[in-house]
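Chains as they are written, first to last, in our numbering: chain E, 1 to 366; chain P, 1 to 261; chain B, 1 to 309. Idealized CB from N, CA, C, for every residue including glycine. This structure is a prediction, so every number in the text was calculated from the model and none was measured. First up is the structure itself, then whatever we jot down about it.
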Amino acid sequence: MKDQFTRRNVTQGMTVLGASALAAPAIIGTARAQSQSLTVWSYDGFITDAFRSAFSEQTGIEVNVRLVSDQAEQFNLMAAENGKFSADIVCVAGHRFYQFVDAEFLEPIDMDRLDNWSLVETQYANAEWVSRNDRVWGVPVVVVSTGLIYNSETMERPDSLAAMFDETNAGMTTYQIQDFFPLVMNYLGYDGTAQSYAGNPDIAQRAVDATRDFLIDNKDKVRRYYDAATEVQQMLLTGDVALAAGSSGPAAQLILEGFPVGYTIPREGGLAYAYGFNIARNANNMDNAYAFLNALLSSPENGAAMVRSTGFNSAMQGVEGLLTDAERQVLTLTDEERSALTWVNVETAAFIFDLIDAAAEEIRAA
Amino acid sequence: MNRIPTAALPIWFWLFVAYLFLPLVVMAAMGFRDSNFIAFPIQQWTTGWYRSVLADEEILSALWVSAQVAVYSTTVAIAVGLPMSFVFARTRGPMRALMIAAIVLPAFLPVIVSAIAIRMFLGHLGLETGIAAISFGHAIGSVPFVVIMILTRLNAMSSNLADAARNLGADDVIVVTRIVLPFLAPALFGAMMFCLLLSFEDFVRSFFLGGVDPTFPVLLFARLRFGFDPGLAAISTIVLIASTALGLFAERHIRRRNMGR
Amino acid sequence: MTQILVSARRFGVYRNTIDTLARVPALRVALLAAIPLGWIAVANLAPLVQMVAISFQDRYPLPPGEPGQWTLRHYAAFFERPHYLAAFTRSFVFATLATVLTLLVMFPVAYYLSKVAPRNWRIRLLLLVIAPFWISEIVRSFAWILMLANNGAVNSFLALLGFPGLPLDLLYNNISLTIGVLYLTSLYMLLPLYAALEKIDDSALEAASDLGASPFKRLWRIVLPLSRDGIVGGCTLVFLLVIGLYAMPQLLGGSGNTLFASTIGQVFARAGNSWPLGSAFSMILIGVALAYVGLFAILFRSRGPGRSG
């Protein structure tokens, strides 16, 4: 994290030097801040076209959306921007959430400026992955679980993570390396949160190396590594993979469309976490960001629309009543599955992410 | 003995043509599929995707960004490449070889390395990524082709023409604008078209130098990763037809002018 | 137009400037050379020089007030971690095979277009195969995904014909990547080959035929030596193109097809102190690739069939 501070200082130092080249972006920056716009980094489907145009019509604020595929991507983009963030709102609540808070990429939410906080389900509004250091850092919007997505026509419902490494599934599986990695660490008996490795980087490195080697040994099971959650859908539909480690949303969408797909939480358990919108530190369009969050939380209809476009459960109250029976059925997990879920540990030691990022490059390269 | 290879050649050629066009035909057909997902076979057909992608603001704005970048980068590449060709046409010896090596260097670097090097260089200067940065990157990639195309034509020009004009009292500006440039026109036009199309189809430079607004290939890359729908096939087909038409038009135009001389 | 330029000569400053330039060629060249030289310095060399410098830096950007430390450790990292070397080797093996394959596929095509096809059809046929050239790498990859997926066009078609053992795994492996890459490289090979073959005098081939040379002998003793420049040029272009591929291996390749260019892209995308490592990797790739291509060109020139021809 220290790295981020020093990078920002470098930029400040350069600004003081008065390099004339720096003047241009500064002027552009102000111009952008004054216009009625808002830049949001978002996952696919989180902001529906209907909501976007209705919001622009009501407020005159134009919403620019940049699609992102995962938290690591957003973290790296923000790290590269040296504190002059191009986004006003980012989409990071989830397992890497504390990493963003501790790197000072986020602005704490000013609760006085948020009109409809009470519409967030109490269970989520008070969860540990919303606040840190006694401040709230984001608005949770959807609730995600991770498990196994499988082709229900060609294979039995898998009950264990071991199916991902089974010979019978050779060349038929897919996963997102960085997200799957902590699960595999747990599966192999290591500590995926790395909390117990605090102060012992050598032990953490050994655990990561062993997990990396295990995944490389089992590379023949993998058809392809994916990046964005929705990539799984296409690979299942075209029949190129039969089994994927992934999240609930893309699976639910396929099931609702009538495709022969199943979703299950393996007996080793799965993770549950929320995705939400967070305001970038010193956002260019701070007022517009609050206007956006307020509009989003103003009606459960928005939550229901988001459920339909993402397949994820909503974190808002009153959404369930707006869904169809079929939608409710697909989105509801059995008690057994629910009990196998653990809420993601956001205290995960940040240093493990650097090790995992490097290991992911090696797994791909091997 | 003589017959076998000669008979096999056209078959091989037409197989190659089928390999080139079959995927494109399949893609164009997929754009007519009446479903939210891409799959075979196509049971119900619709023209809805073709109509809806032309109203998709994100796609239209990406096409607009691509068009702007293509025009800016082409302008810069010609503005730099033209005087550069004049210099090469006049210098001789090791200096010329060195300069030519330096100028065609970008064509010999893996594109990803050159894109990242430019990205870091702009970051060092404190310049932001975006349309200007992409245009700069594309121009760097285009200049070698501009120089080669103009130089080829310039070498074909006899110096008698310019000398005769000078003897008649024309100064250098007149010689250049009234004699040299018209003579170079086909090459210039060809280089321009080449730069436009090269810029329009580029992905890697646009990807690493781009800001918030994506160019068309970058948007398509993102959309491909977020799940397919037949609309992607539709818009790809439309762009394909448009750029192929432009390329063929340029090709014909140049050939006609070249033959006319 | 000419009128305006002629009347502009009435203004002394304009006339004197131009006439001075005309009298002193060195000055004219210097003025003309300013743009190209500036461009070469700023656009072509500076980014590369900076990249070289960064690759030797311990860390970048430097904290203010801290002196830069020079180090070779990022180059060492390449050799210490065997998995990077795996992708690197794969890149070179794949690029070499792809180049050879492209040459084998495209040589008959180019030969047909330049020598065998009916004369008045040649240009039209050439245009036909050049047409798809203007499609981006991404669109081409997309089209091939539709073709090769397990439920894609090829498998559906074979199923319709009643082939057993379907679906064939065609996508996300070496097959799809090779097919896709060939799609991208074929025209870079075709154009130099066509240009070289077109120059070969038909009468040379006829004479050889009259003297009883077999088609193979004609190919080996006449056509190949005379098209050497086209072959070397095409192969160089194709090889460097494949070495730098970034998007296509991600879209068409599978878990075992990561090429080194993708690794470089990932290293740069990583947060933290990754620029020096990525720069060192880039330098290694450039250095080895150019040396490899250079060696190939030299070998081909001195020992190839060229000497016998």
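Taking C-alpha atoms, which residue in P:V87, P:G210, P:S66 lies nearest to B:L27? P:V87
Practice item. Give the C-beta separation of E:V307 and E:S314 to the nearest angstrom, bearing in mind that I take them to be a contact with Cβ-Cβ under 8 Å. Key: 5 Å
query: Straight-line CA distance for P:F203 to E:A125?
result: 42 Å
Run through the region 219 to 256 of chain P for me and flag every whole alpha helix (DSSP H) of 4 or more residues, listed as ranges in chain order. none
* Tell me E:Y275's beta-bridge partners as DSSP assigns them. => E:V142
Q. So what does E:L67 bridge to, in DSSP terms?
A. E:S42
Item to complete: Just mark B:N173 as buried or exposed, buried being the case when its beta carbon has 16 or more other beta carbons within 10 Å.
Response: buried
Problem set entry | Contacts that P:F216 makes with chain E (C-beta to C-beta distance below 9 Å) | Correct list: empty, because the minimum Cβ distance to chain E is about 15 Å.
_Partner residues on chain E for B:N16, Cβ-Cβ distance less than 7 Å_ = In chain order: nothing, as chain E lies at least about 33 Å away.
With 16 other Cβ atoms within 10 Å as the buried cut-off, status of B:V100:
exposed
- Message: I need the boundaries of the alpha helix (DSSP H) containing E:S247, first residue and last residue.
- Response: Premise fails: E:S247 lies in the beta strand (DSSP E), 243 to 247, not in any alpha helix (DSSP H).
Using a Cβ-Cβ distance cut-off of 8 Å, determine whether P:F226 contacts chain E. yes
Next on the checklist: With distance defined between alpha-carbon atoms, name the residue in P:I241, P:V17, P:W12 nearest to B:W134.
Outcome noted: P:I241
According to DSSP, what are the bridge partners of E:V120? E:M316
In angstroms, rounded to a whole number, what distance separates the CA positions of E:Q176 and E:T230?
11 Å
message: Helix, strand or coil for E:A280? Go by DSSP, reduced to three states.
response: strand
Sequence-distant residues of its chain with Cβ nearer than 6 Å to P:A28 (five each side left out): T237
**Asked** Going along the chain, which residues of the region 253 to 277 of chain B sit with their C-beta nearer than 8 Å to a C-beta in chain E?
**Response** G253, G254, S255, G256, T258, F260, S262, T263, Q266, V267, A269, R270, A271, G272, N273
| How many Å lie between B:R59 and P:M120 at the Cα? | 14 Å
Query - Contacts around P:S243, its chain only, beta-carbon distance under 8 Å, and the 5 residues preceding and following it disregarded - result: L197, F200, E201
To the nearest angstrom, report how far apart E:D354 and B:L237 are at their CA atoms.
37 Å
Between P:G48 and P:G130, is the Cβ-Cβ spacing less than 8 Å? no
**Asked** With P:G231 and P:S52 assumed to form a contact (beta carbons below 8 Å), what rounded beta-carbon distance in angstroms separates them?
**Response** 6 Å
Any Cβ of chain B within less than 8 Å of the Cβ of E:L22? In this prediction, E:L22 has a pLDDT of 32, which is less than 50 and means its spatial position is unreliable; what the coordinates show is noted afterwards. Cβ-Cβ to chain B under 8 Å: no for E:L22.
query: How about B:Q50: is its C-beta nearer than 8 Å to some C-beta of chain P?
result: yes
- Item | Cutoff 8 Å: B:P47 Cβ touching any chain P Cβ | yes
Determine which residues of the region 236 to 253 of chain P have a Cβ less than 8 Å from any Cβ of chain B, and write them out in chain order.
S236, V239, L240, S243, T244, L246, G247, L248, E251
*Just tell me which of B:T263, B:V105, B:A149 has its CA closest to the CA of P:L15.*
B:V105
Note to self: Quick check: is the beta carbon of B:K151 nearer than 8 Å to any beta carbon in chain E?
What the structure shows: The sequence given here has Asn at residue 151 of chain B, not Lys. Yes, B:N151 lies at the interface with chain E (some Cβ there is under 8 Å from its Cβ).
- [ ] Could you run through the region 234 to 256 of chain E and flag, in chain order, every residue whose CB is less than 9 Å away from some CB of chain B?
- [x] Q234, M235, L237, T238, G239, D240, V241
Closest to E:Q71 by C-alpha separation, out of E:G94, E:A80, E:F51, would be which residue? E:G94
CB contact check: E:N278 to chain B, cutoff 8 Å
no
If you run the structure through DSSP and keep just helix, strand and coil, what is E:V346? coil
So, under 8 Å CB-CB, E:S145 and E:S247 are touching, yes? Tell me the CB distance rounded to an integer number of Å.
7 Å
With 7 Å as the C-beta to C-beta threshold (strictly closer), list the residues of the region 164 to 176 of chain B near chain E in chain order. P167, D169, L171, Y172
E:L341 (DSSP reduced to helix, strand or coil):
strand
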